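The number in my numbering is simply the position in the sequence shown, starting from 1, with 224 added.
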Amino acid sequence: MRASHISKPLLLGALLCAPLAAQALEIIVSKNEDSYDASCDSDCSLREAVALASSTAGSHLIRLPAGVFQLSLAPMTEDDGWTTTVLDDDFNLDGDLDVYNSLRIVGAGPDQTIIDGGGIDRIFEVFDGASLTLERLQLRNGRHSYDGGAIRNHGTLSLGKVDLLRNRATNAFNQARGGAIANYGSLVILHANLLNNSVGTGDTSWALGGAVFNEGQLMIRDSRFSDNSVSTDDVISSGGALFNLGRADIARSLFDGNSASDGTGSAISNEDGGILKLSNSTVTGNDTYGLYDAGAINNGSGYPYNRNYPTPVRAPQMQLIHVTIAANSGTYAVENHGALNVRNSLIFSGLNGEWDQLQGCINRGANATFNARGLMLSEGDGNCVGDLPPVSDAQIFSQVLYPLADNNSAIPSHALRRGSPAVDAGVGSCASHDQRGFSRPRDGNGDGVAKCDLGAYERMKP
Numbered sequence: 225m226r227a228s229h230i231s232k233p234l235l236l237g238a239l240l241c242a243p244l245a246a247q248a249l250e251i252i253v254s255k256n257e258d259s260y261d262a263s264c265d266s267d268c269s270l271r272e273a274v275a276l277a278s279s280t281a282g283s284h285l286i287r288l289p290a291g292v293f294q295l296s297l298a299p300m301t302e303d304d305g306w307t308t309t310v311l312d313d314d315f316n317l318d319g320d321l322d323v324y325n326s327l328r329i330v331g332a333g334p335d336q337t338i339i340d341g342g343g344i345d346r347i348f349e350v351f352d353g354a355s356l357t358l359e360r361l362q363l364r365n366g367r368h369s370y371d372g373g374a375i376r377n378h379g380t381l382s383l384g385k386v387d388l389l390r391n392r393a394t395n396a397f398n399q400a401r402g403g404a405i406a407n408y409g410s411l412v413i414l415h416a417n418l419l420n421n422s423v424g425t426g427d428t429s430w431a432l433g434g435a436v437f438n439e440g441q442l443m444i445r446d447s448r449f450s451d452n453s454v455s456t457d458d459v460i461s462s463g464g465a466l467f468n469l470g471r472a473d474i475a476r477s478l479f480d481g482n483s484a485s486d487g488t489g490s491a492i493s494n495e496d497g498g499i500l501k502l503s504n505s506t507v508t509g510n511d512t513y514g515l516y517d518a519g520a521i522n523n524g525s526g527y528p529y530n531r532n533y534p535t536p537v538r539a540p541q542m543q544l545i546h547v548t549i550a551a552n553s554g555t556y557a558v559e560n561h562g563a564l565n566v567r568n569s570l571i572f573s574g575l576n577g578e579w580d581q582l583q584g585c586i587n588r589g590a591n592a593t594f595n596a597r598g599l600m601l602s603e604g605d606g607n608c609v610g611d612l613p614p615v616s617d618a619q620i621f622s623q624v625l626y627p628l629a630d631n632n633s634a635i636p637s638h639a640l641r642r643g644s645p646a647v648d649a650g651v652g653s654c655a656s657h658d659q660r661g662f663s664r665p666r667d668g669n670g671d672g673v674a675k676c677d678l679g680a681y682e683r684m685k686p
């Protein structure tokens with residue numbers, strides 16, 4: 225049923241008590257301003273559209289035209305003299321947009337349809353049993369004092385061609401998590417850009433997951449995580465782009481320019497029983513600095529224990545398959561305290577700005593296990609062992625890799641140079657495609673035999 229002119233009460237009792245017949249609504253938002261008058265007729269705001277969908281049983285569609293839709297109905301807050309806490313109403317009267325049923329919101333494109341949180345609250349909250357699909361739009365400037373600067377999800381959340389920009393979770397004295405998204409349910413991210421999201425705390429608690437905090441099920445494909453950050457004054461921060469305690473499957477994606485101050489995992493932290501698979505992806509230019517200065521990728525080293533006590537409560541598990549890790553700063557590119565399996569990948573050391581030492585890959589703790597097949601490392605410190613000859617630090621960008629570039633793809637990668645020792649060096653079976661979606665294997669060295677290359681990029685010809 226199309227509902228461009230709908231008038232319906234949106235009362236709390238209707239939401240919680242009244243039995244509602246299932247119907248599919250198609251709602252067209254007709255105004256940019258944020259308002260709530262308990263109806264969604266010819267004058268229908270985004271808030272009123274979401275409220276109508278959440279109070280009507282069924283699966284619903286909201287069409288959001290080009291424009292900026294800024295949330296301005298601020299929620300109530302509580303200030304204890306130390307920190308300000310947002311008090312959610314949970315019924316769309318003010319603050320964030322609350323989803324209780326099955327809802328799909330479609331915009332005109334992420335550079336045209338923009339939902340701006342205005343810094344007053346997070347933008348969406350998806351409740352247990354509900355589902356939200358967002359397509360072709362942008363979420364920016366959401367903020368929360370605990371978790372999920374743009375979205376907190378306890379249900380099912382799907383993002384397709386969505387940009388999340390400058391969202392943040394901040395708290396002066398308590399833990400904060402998920403600058404853009406805090407996921408406790410099921411989350412799928414496709415063809416998305418998560419840029420400049422952040423988590424910040426003071427000197428008494430953790431900052432976790434600059435872009436995404438995951439405690440549920442997570443799948444990411446064809447996406448970019450850039451310039452996200454976690455920061456604290458004195459306590460460890462972890463997961464500049466992603467902090468995982470659940471199950472995460474990531475492919476054909478780029479993590480670049482993310483950071484963790486006094487932290488671990490400037491790009492990715494997988495902790496305390498987390499299970500993470502990263503394939504056909506690039507991790508480059510990420511930065512850890514300060515007290516701990518640990519790796520770009522950390523598999524069990526920062527929560528809820530610390531590096532001085534390196535045995536996880538539950539050992540995390542990580543797989544790296546056709547991954548390129550290069551040019552990250554920190555003590556090590558990869559730090560492993562759990563179970564790490566690597567296949568047909570490149571792990572190259574980065575620059576540690578404090579000591580100017582080039583580091584690589586290390587296993588820490590009695591319970592750490594490491595297995596590799598088709599792994600090329602750079603020379604330097606660390607106790608990870610590759611089964612292919614290492615390359616010197618000076619050769620990484622002179623003989624093996626080109627600098628980060630588009631390479632005929634929306635998501636940049638490090639192309640392999642002609643004659644690179646990583647070309648046709650794959651061991652055993654390999655992925656059917658590379659980060660860009662180009663088919664593998666190819667004959668990249670001209671010997672007449674098609675073999676897979678190491679890392680995220682497959683060279684097409686000699």
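Ideal placement from N, C-alpha and C gives every residue a C-beta, glycine not left out.
Here the structure is a predicted model, which is why all the values come from computation and not from measurement.
N256 to K385 span [Cα, whole Å]: Computed Cα separation, rounded: 21 Å.
Bridge partner(s) assigned by DSSP for G291: The bridge partners DSSP lists for G291 are T337.
First and last residue of the uninterrupted alpha helix (DSSP H) at R271: For R271, the uninterrupted alpha helix (DSSP H) run begins and ends at 270 to 278, by DSSP.
Proximity below 8 Å, CB of G343 to CB of R364: No, the Cβ-Cβ distance between G343 and R364 is not below 8 Å.
Residue closest to L678, alpha-carbon to alpha-carbon, out of P686, N510, C654: Of P686, N510, C654, the residue nearest in Cα terms is C654.
Simplified DSSP state of Q619, which is helix, strand or coil: Residue state, collapsed to three classes: helix.
Extent of the continuous beta strand (DSSP E) to which G489 belongs: First-last for G489: undefined, no H or E at that position.
Own chain residues within Cβ distance below 6 Å of E682, not counting five before or after: Taking C-beta separations shorter than 6 Å and ignoring five residues to either side along the sequence, the partners of E682 in its chain run D658, F662, R664, R666, following chain order.
Within 8 Å, strictly: CB atoms of D322 and E349: Less than 8 Å separates the beta-carbon of D322 from that of E349.
Beta-ladder partner(s) of Y681, from DSSP: Y681 is not bridged to any residue.
Nonlocal neighbours in the same chain, by C-beta distance under 8 Å from P613, ignoring five residues either side: If we look at P613 and ignore the five residues flanking it on each side, its Cβ neighbours are M600, P645.
Rounded Cβ spacing between T512 and S553 (contact assumed at less than 8 Å): Between T512 and S553 the beta-carbon gap is near 7 Å, inside 8 Å, which marks them as a contact.
Beta-carbon gap between N325 and A273 smaller than 8 Å: Between N325 and A273, the C-beta gap is not smaller than 8 Å, which leaves the two residues out of contact.
Within 8 Å, strictly: CB atoms of I178 and I286: This structure cannot settle anything about residue 178, because the visible part of the chain is limited to 225 through 686.
Terminal residues of the beta strand (DSSP E) in which T593 lies: Its beta strand (DSSP E) spans residues 593 to 601.
Buried/exposed call for S455, threshold 16 Cβ in 10 Å: Classification of S455: buried, given that the 10 Å Cβ count is 16 or more.
Continuous beta strand (DSSP E) stretch holding A406: start and end: It spans 405 to 407 - the beta strand (DSSP E) in which A406 sits, taken as one unbroken run.
Chain-order list of residues whose beta-carbon lies under 7 Å from that of G353 (same chain, five-residue window excluded): So the list reads G379, once near-sequence residues are dropped.
R346 CB to nearest heavy atom of the ligand NAD below 7 Å: Here there are no bound small molecules, and the ligand NAD is not part of this structure.
CB of C268 within 8 Å of CB of V292, strictly: Taking 8 Å as the Cβ cut-off, C268 and V292 do not qualify as a contacting pair.
8 Å contact criterion, which F437 and N407 should meet: CB distance rounded: With a Cβ gap of about 7 Å, F437 and N407 count as contacting.
Residue from H638, M300, T548 with nearest C-alpha to G319: For G319, the nearest C-alpha among the options comes from M300.
Range of the contiguous beta strand (DSSP E) that encloses K501: Start and end: 499 to 508.
First through last residue of the beta strand (DSSP E) which encompasses A551: For A551, there is no enclosing beta strand (DSSP E), since its DSSP letter is neither H nor E.
Inter-residue spacing [alpha-carbon to alpha-carbon] between N587 and S622: Across the structure, N587 and S622 are spaced so that their CA atoms are roughly 28 Å apart.
Endpoints, the beta strand (DSSP E) within which F662 is located: F662 -> no beta strand (DSSP E), and no H or E assigned at all.
Cβ shell of A277 (< 8 Å), same chain only, five flanking positions each side left out: Cβ-Cβ distances below 8 Å link A277 to L249, I251, H284, I286, V323, N325, L327 in the same chain, with the five nearest sequence neighbours on each side left out; the list follows chain order.
Backbone CA spacing between G650 and S493 [nearest angstrom]: If you take the alpha carbons of G650 and S493, they lie about 27 Å apart.
Cβ neighbours of I413 in the same chain (closer than 6 Å, five flanking residues each side left out): The beta carbon of I413 sits closer than 6 Å to the beta carbons of L383, I444, S447 from its chain, once the five residues preceding and following it are set aside; these are given in chain order.
Candidates L381, L288, S569, Y260: closest to A298 by CA position: Nearest C-alpha to A298: Y260.
Of the residues T548, A290, S616, N523, the one placed nearest P540, counting alpha carbons only: The shortest C-alpha separation from P540 is found at N523.
Residue(s) in a DSSP beta bridge with Y556: For Y556, DSSP records no beta bridge to any residue.
DSSP-derived helix/strand/coil call for V454: In this structure, V454 counts as strand in the three-state DSSP scheme.
Terminal residues of the beta strand (DSSP E) in which Q362 lies: Start and end: 355 to 364.
N- and C-terminal bounds of the beta strand (DSSP E) containing H561: Per DSSP, H561 lies in no beta strand (DSSP E) segment and is marked neither H nor E.
Contact set for L317: own chain, Cβ-Cβ below 8 Å, skip 5 residues either direction: Counting only Cβ-Cβ distances below 8 Å, and skipping sequence neighbours, we find Y260, L297.
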